[in-house]
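Once you know that position 15 of the sequence shown is 15 in full-length UniProt numbering, the rest is easy, because the numbers rise by one and skip nothing. Working notes for the structure below.
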Amino acid sequence: MTRRPIKRHCGGSRTRPFPFSSFGRTSALVASTRRQSSPLKQPRNNVLESPGQGYTKKALKEKNIQQESSSEEDDEETVQADFAFFDPKPDDFHGVKILLQSFLDNKQWDLSGFVDLILGQTTVGTVIKIEDAEDDTPFSVVTALNLGRYKDHRCITEIKDFLLKVSQKDVTCDLRVLLEESAHYVGLLVSQRVVNLPPQLLPPLYDALFDEVSWATEDEPTKELRESFRFKSYLIATKIYKVYLSNVFPFVSS
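In structure tokens:
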């Protein structure tokens with residue numbers, strides 16, 4: 001089926017559909033506001049037709065994006081690249097697997113099965129690549145997976161066990177409810193990227209994800225699939241960094 005064209009409203013923020021959680025609405029509002037505040041975040045939009053997918057995907061071109069990288073001699077090199085949004089496909093397996101290598105702190109788990117789930121869900125999910133490049137390597141991946149829909153997959157079970165193990169005791173009970181009783185309404189938001197990906201790409205990347213989730217609640221072929229994208233909550237697994245006072249001010253006694 002054909003996707004509706006992407007619409008951008010430059011005069012104000014868009015209203016998000018009801019199925020999104022407060023996190024989704026807030027993230028989309030922040031993304032829209034940030035994009036309006038700076039001309040660098042106003043990409044030139046094209047529409048790509050993904051072969052065999054039957055719907056259009058928003059393409060993002062960022063002309064004159066400068067990426068600085070250090071050579072072996074520590075010399076700075078400026079690289080210009082055109083980035084575009086693409087549907088995930090099986091050929092992205094190794095690139096996406098590399099991006100997700102540290103998703104669970106480098107522990108041994110069914111990462112390959114997890115990548116298969118991401119690439120198999122083509123209606124919701126995006127990878128960023130350099131357009132028209134011979135090297136088809138993904139630089140970023142984002143998607144939202146229904147924890148209830150995929151609950152019988154080993155990779156999802158291992159993610160749940162890991163999160164319960166590393167979570168603080170005061171949130172374990174609430175987290176267990178999200179992972180078990182409410183799993184059919186929880187979207188595991190997966191977002192990984194290379195460190196030096198231009199930050200200008202991130203707001204429209206999340207806009208694209210929330211647009212696709214919204215479309216999926218209407219366009220998926222079965223009621224079961226449509227309902228699986230009516231998320232009430234999003235769960236994000238990410239790293240945190242703690243800065244201790246003694247490290248910042250080594251001469252201050254506690």
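Where a beta carbon is used, it is the ideal one built from N, C-alpha and C, also for glycine. Note that the structure is predicted; figures quoted are calculated from it, not measured.
A straight line joining the alpha-carbon of residue 182 with that of residue 81 spans about 42 angstroms. About 13 angstroms separates the beta carbons of residue 142 and residue 92, which is beyond the 8 angstroms limit, so they are not a contact pair. Between residue 237 and residue 179, the C-beta spacing is not below 8 angstroms. Annotation: residue 125 to residue 246 spans about 42 angstroms, alpha carbon to alpha carbon. Around the C-beta of residue 90, fewer than 16 other C-beta atoms lie within 10 Å, and the residue is accordingly described as exposed. For residue 230, the three-state secondary structure derived from DSSP is coil. In this structure, the straight-line span from the alpha carbon of residue 228 to that of residue 215 is close to 12 angstroms. When DSSP assignments are scanned along the region 79 to 109, the uninterrupted stretches of beta strand (DSSP E) that are 3 or more residues long and fall wholly within it turn out to be 83 to 86. For residue 84, the closest alpha carbon among the candidates 204, 218 and 239 is that of 204.
Residue 140 places its beta carbon less than 8 angstroms from that of residue 192. The C-beta of residue 207 has 16 or more other C-beta atoms within 10 Å across all chains shown, which makes the residue buried. Rounded to whole angstroms, residue 155 and residue 129 show a C-alpha spacing of 26 angstroms.
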